[in-house]
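To keep things clear, I will list the structure first and then write my remarks on it.
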Amino acid sequence: MALEMYLDLFSQPCRSVYIFAKKNNISFDFRKVSLLEGEQYGEEFGKINMIRKAPAIRDGDFCLAESIAIMKYLAEKYQTSDHWYPADLQKRARVNEYLSWQHMGIRMHGSKLFWLRLLIPKIMGVEVPKDKMDGALEDLEGSLKLIEEKFIGDKPFIAGEQISLADLVAIVEIMQPVGSGLDVFEGRLKLSAWRDRVQAEIGKELFDEAHQGILASQEMVKNMDSSKMQVFKPKILRFFL
Amino acid sequence: MPLELYLDLHSQPCRSVFIFAKKTNIPFDFKFVDLATGQQYGEDFGKISVVRKVPVMRDGDFILTESVAILKYMAEKFGTSDSDHWYPADLQKRARVNEYLSWQHAAMRAHGSKVFWFRAIVPIITGSEVPKEKMDSAMEDLTLSLKVFEEKFLDDRPFIIGEKISLADLVAIVEIMQPVGTGLDLFENRPTLGAWRDRVKKELGEALFDKAHKTIMDVDSLPQTFENNGMLEFLKPKIQKMFN
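Order-wise, the sequence lines are chains A and B.
Its first residue numbered 1, the first sequence is counted upward by one per residue in the numbering used here.
Its first residue numbered 1, the second sequence is counted upward by one per residue in the numbering used here.
Structure below.
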């Protein structure tokens, strides 16, 4: 039975898992979970992942959530090239360090900006107050600065000479606010140069394919039926508490 | 040269690193970083880590941040076949540990920390209780995380991956203990959680568990420390941000 991957490419962690599997020629059944239509709350998907988030995989009777756990599982099972998750203790620690930091370090801020700029105005029908927007932008700036100075530093990639899971997870998160129309690479030479290297390693075609959806968000959200997205209202209201 | 661990036991991730090193007999130098006095913002600590957070590990000239990375490093470097259960070599068991360690950042840790700040720290800084709406919302989030923990991560197993304790249980317990330190008994009316806590405590050893948690169970002394060290003014903008 084939590996099933439950994905929606609007989601950053779905993109990293998708790119990783494709890049390493791991064959899988792509099972679309349309997040903005609330498919993750359906009965079927609940059997795959009761936390109701994507990505999730089903490998035989083994179900697994969390993109980082998924990629490490795939890397080990399919014996992908060492550089993705190096066996060397210190290099591996550097990858783990980034993968741990990034949850609250960048993922949270990039996601928030995407919601504040695109989804919340659409669903609630109002622009987000300036002080909240400014606060979110400040947080993102701080994260990008730390990524440039500490995690990349003067190395080509986060773990050193070669691309790893850390760079892959980093790039998909950074692309999220880009999808909302915010050019985070402008004025950031080091980040841009790193982005170019990462894109080259992944392959432009695969990178673009994975990011096609998110980069068309502004247009897509404009045309969405906001009445179908009311399920997200409670989540949004909490943002403003 | 032994490991150096830069720690303050007020911090959940410091506790997991401390407990793991002690439990598995990894010799280390305890380097105290006094968070309540803002030592993490000082020049000396800045040379250890620009991120200005704890824990930090120094192994010779290799410096590492992030407790999850540190725990895995220590488990792999100092591990033996007997201690495999902490971070099992088995593919699926290891995946379950990784799954928990990934999920917990934005769930258990985020919500437990927030409730801790709202109950123990914010009132000291602002001079008043956190508005009911915000507190209720934070408690709701924590309650949901605990529900997911009991139903998905524990289910009917003694520990997260099954029969044996792992890094996942260790990281889980220290986070759950944070709001407990403010006097919130999260184990009351949660028999599954309480039974798991008892098992974890037994595996770690009660003396070690209590030693690691002595600081957080004694947070009443924080107000005076903050006042003595100018932390009130320093933390005010940070608190303001939390409410934006």
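Every residue, glycine too, gets a C-beta built ideally from N, C-alpha and C.
It should be emphasised that the depicted structure is a prediction, and the values quoted were computed from it without experimental measurement.
Name the residue from B:T126, B:P13 and B:Q92 whose alpha carbon lies nearest to the alpha carbon of F234 of chain B. Check the Cα spacing between F234 of chain B and each of B:T126, B:P13 and B:Q92: the tightest is with B:T126.
Determine which residues share a DSSP beta bridge with I57 of chain A and list them. In the DSSP output, where bridge partners are listed per residue, I57 of chain A has A:M5 and A:L64.
C-alpha distance - N229 of chain B paired with I216 of chain B, whole-angstrom precision: In this structure, the alpha-carbon of N229 of chain B lies about 19 Å from that of I216 of chain B.
Can you check whether the C-beta of N96 of chain A is within less than 9 Å of a C-beta belonging to chain B? Yes, N96 of chain A counts as interfacial toward chain B.
E99 of chain B classed as buried or exposed, judged by whether at least 16 other C-beta atoms fall within 10 angstroms: Counting Cβ neighbours within 10 Å, E99 of chain B comes out buried, since at least 16 surround it.
Endpoints, the beta strand (DSSP E) within which D29 of chain B is located: Residue range F28 to F32 is occupied by the beta strand (DSSP E) that includes D29 of chain B.
Taking 9 Å as the threshold (beta carbon to beta carbon), is N101 of chain A in contact with chain B? According to the sequence displayed, residue 101 of chain A carries Trp and not Asn. True, the Cβ-Cβ gap to chain B drops below 9 Å.
Check the DSSP bridge columns for M133 of chain A and list the partner residues they point to. Residue pairing for M133 of chain A: DSSP places it in no beta bridge.
Can you check whether the CB of I57 of chain A is closer than 9 Å to the CB of Y6 of chain A? Remark: C-beta atoms of Y6 of chain A and I57 of chain A approach each other more closely than 9 Å.
Coil, strand or helix - G46 of chain B by DSSP: Helix, per DSSP.
At a CB distance below 8 Å, what residues from the region 20 to 33 of chain A approach chain B? Give them in sequence order. Flagged: no residues at all.
In three-state terms, what does DSSP make of E163 of chain B? Three-state result, E163 of chain B: coil.
Within the region 188 to 234 of chain A, ranges of the alpha helix (DSSP H) (whole runs, at least 4 residues): With a minimum length of 4 residues, the continuous alpha helix (DSSP H) runs that stay inside the region 188 to 234 of chain A are 189 to 202, 204 to 215 and 217 to 222.
What does a CB cutoff of less than 7 Å around I202 of chain A pick up in its chain, not counting 5 residues either side in sequence? In chain order, I19 and K23 place their CB closer than 7 Å to the CB of I202 of chain A, counting only its own chain and leaving out the 5 sequence neighbours on each side.
For a cutoff of 9 Å on Cβ pairs, would you count Q178 of chain B as touching chain A? When Cβ-Cβ separations below 9 Å define contact, Q178 of chain B makes no contact with chain A.
Is any beta-carbon of chain A found at less than 9 Å from that of H85 of chain B? Not an interface residue.
Which residues in chain B sit within 9 Å of L146 of chain A, going by Cβ to Cβ distance? Those are V50 and V51, listed as they occur along chain B.
Buried versus exposed call for F118 of chain B [16 or more other C-beta atoms within 10 Å across all chains shown]: Around the CB of F118 of chain B, 16 or more other CB atoms lie within 10 Å, so the residue is classed as buried.
Would you say P86 of chain A and A159 of chain A are within 9 Å of each other, going by their C-beta atoms? Contact flag set, yes.
CB contact below 9 Å: L154 of chain B versus chain A: Not flagged as an interface residue toward chain A: L154 of chain B, since no C-beta distance is shorter than 9 Å.
Endpoints, alpha helix (DSSP H) assigned at Y100 of chain B: In the DSSP annotation of this structure, the continuous segment of the alpha helix (DSSP H) that includes Y100 of chain B starts and ends at L91 to W103.
Does the CB of E76 of chain B have a neighbour CB from chain C at under 9 Å? The chain labelled as chain C is not found among the protein chains of the depicted structure, namely A and B.
Identify the continuous alpha helix (DSSP H) that holds D210 of chain B and give its terminal residues. D210 of chain B: member of the alpha helix (DSSP H) spanning E206 to H213, first to last residue.
Strictly by DSSP, which residues pair up with D59 of chain B? Bridge partners of D59 of chain B: B:F62.
Could you name the residues of the same chain whose beta carbon sits closer than 6 Å to that of G213 of chain A, not counting the 5 residues immediately before and after it, in chain order? L9 and F10.
Name the two residues that bound the continuous alpha helix (DSSP H) containing E39 of chain A. Neither: E39 of chain A is in no alpha helix (DSSP H) and is coded neither H nor E.
Span separating the alpha-carbon of K238 of chain B from that of F226 of chain B: Taking the straight line joining both Cα atoms gives about 14 Å.
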